[in-house]
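First comes the structure, then the notes that go with it.
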Amino acid sequence: MGLLSLQLSSHSSCSLSLPQNLKNTTKPNKALNAFNSNRPSSVRTTIRAVGTVPEKDSQNTEPAEPPSIGFAFVSSVLLPDGTPDVQYRTACGGQKLRNIMMDANIDLYGPYARPLLNCSGGGTCATCMVEIIEGEELLSPRTDKEKEKLKRKPKNWRLACQTTVGQVNSTGMLVVQQLPEWKGHEWKYEKLSLEESEKLLSSHEAQ
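The numbering of the sequence shown is the UniProt record's numbering, which starts it at 1 and goes up by one.
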């Protein structure tokens, strides 16, 4: 999956890079022909034993992992040292972005997180707004509710409760700015090469 390099534009510039069975075989059937010599030569008895025995595959193969989409969630608040706070997750496609973020414990509502301050996914309060920095092609088109609530917002702003991320077999990378109306910084980003992405992913997995 494609990975990205995010840079923070501020008084002191800083940057972050972010990160994609047994074989059934059968042995030949064994035929056992038994001829009873005590009987007349005109009488012959044939006994056929039929059976199959699966052979174990000499190589231990692990089942392939299901397709998944990588996520980088960028917080609207910087870390104490002034660097961006980016959290990485993976999830299967075909789900609402709101559900993915809540299941992954990613802050979605900010000051509207308490009960009765948001519509809990109904698409009427517009408090689950996110900014899609990368990966718009993975998302479903804007719904009528989004067109109504976000008509004065940038085109890459979405309502997480109305946005479906890919299909069940989708792969890719999605970079999401949390709480874009509360952020105090701007991002610049560029895609990394495949080799750089693999090195970066390995370093994050090792941590």
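In this text, a Cβ means the ideal position worked out from N, Cα and C, and glycines have one as well.
With burial defined as no fewer than 16 other Cβ atoms inside 10 Å of the residue's Cβ, what is the status of T94: buried or exposed? Counting from one through the sequence shown, the residue named residue 94 turns up at place 94. Looking at the sequence shown, residue 94 is not Thr but Gly. Burial call: exposed.
Cα-Cα, which of E131, D107 and R158 is closest to E186?
-> Counted from its first residue, the sequence shown places residue 186 at position 186. Of E131, D107 and R158, the residue nearest in Cα terms is E131.
Spatially closest choice to Q167 from G82, L97 and E146, by CA coordinates:
In the sequence shown, residue 167 corresponds to position 167, counting from 1. Of G82, L97 and E146, the residue nearest in Cα terms is L97.
* Would you kindly work out how many angstroms separate the C-alpha atoms of G123 and K147, rounded to a whole number? => Counted from its first residue, the sequence shown places residue 123 at position 123. Counted from its first residue, the sequence shown places residue 147 at position 147. The alpha-carbon atoms of G123 and K147 are separated by roughly 11 Å.
Kindly give me the distance between the Cβ atoms of C128 and A160, rounded to whole angstroms, as I take these residues to be in contact under 8 Å.
-> The count along the sequence shown starts at 1 and reaches residue 128 at position 128. The count along the sequence shown starts at 1 and reaches residue 160 at position 160. The pair is a contact, with the Cβ atoms about 4 Å apart (cut-off 8 Å).
Practice problem: Taking L138 and G172 to be in contact with their CB atoms under 8 Å, please state how far apart those CB atoms are, rounded to whole angstroms. | Solution: To locate residue 138, count along the sequence shown from 1; it is residue 138. To locate residue 172, count along the sequence shown from 1; it is residue 172. Between the beta-carbon of L138 and that of G172 there is about 5 Å, and that keeps the pair under the 8 Å contact cut.
Notebook entry, point to check: Beta-carbon separation of S68 and Q178 under 9 Å?
Noted result: Here residue 68 is taken as the residue at index 68 of the sequence shown, counted from 1. Here residue 178 is taken as the residue at index 178 of the sequence shown, counted from 1. No, these two residues do not count as a Cβ contact at 9 Å.
Query - C-alpha gap between K151 and T163, whole angstroms - result: In the sequence shown, residue 151 corresponds to position 151, counting from 1. In the sequence shown, residue 163 corresponds to position 163, counting from 1. So the two alpha carbons sit approximately 16 Å from each other.
*asked:* Could you compute how far the alpha carbon of residue 208 sits from the alpha carbon of P63?
replied: Absent from the model: residue 208. The displayed extent of the chain is 1 to 207, so no value can be given.
Does DSSP classify E131 as helix, strand or coil? Position 131 of the sequence shown, counted from the start, is the residue given in the question as residue 131. If DSSP states are grouped into helix, strand and coil, E131 belongs with the strands.
Put L97 into one of helix, strand or coil per three-state DSSP. Looking up residue 97 in the sequence shown gives position 97. When DSSP states are grouped into helix, strand and coil, L97 belongs to the helix group.
- Which of the three DSSP states, helix, strand or coil, is assigned to S109? Walking along the sequence shown from the start, residue 109 turns up at place 109. Before going on, a small fix: residue 109 reads as Tyr here, not Ser. It is coil, neither helix nor strand.
Roughly how many angstroms separate the alpha carbons of I106 and K155, rounded to a whole number?
Here residue 106 refers to the residue found at position 106 when the sequence shown is read from its first residue. Here residue 155 refers to the residue found at position 155 when the sequence shown is read from its first residue. So the two alpha carbons sit approximately 23 Å from each other.
Cβ-based neighbour list, P149, same chain, cut-off 6 Å, excluding 5 preceding and 5 following: For the purposes of this step, residue 149 is identified with residue 149 of the sequence shown, where counting begins at 1. According to the sequence as given, residue 149 is Lys; it is not Pro. Contacts found: A126.
- Message: Per the DSSP calculation, V77 is bridged to which residue(s)?
- Response: By 1-based counting over the sequence shown, the position of residue 77 is 77. In the DSSP output, where bridge partners are listed per residue, V77 has none listed.
Quiz item: Beta carbon of R114, beta carbon of A104: below 9 Å?
Solution: Here residue 114 refers to the residue found at position 114 of the sequence shown. Here residue 104 refers to the residue found at position 104 of the sequence shown. Contact flag unset, no.
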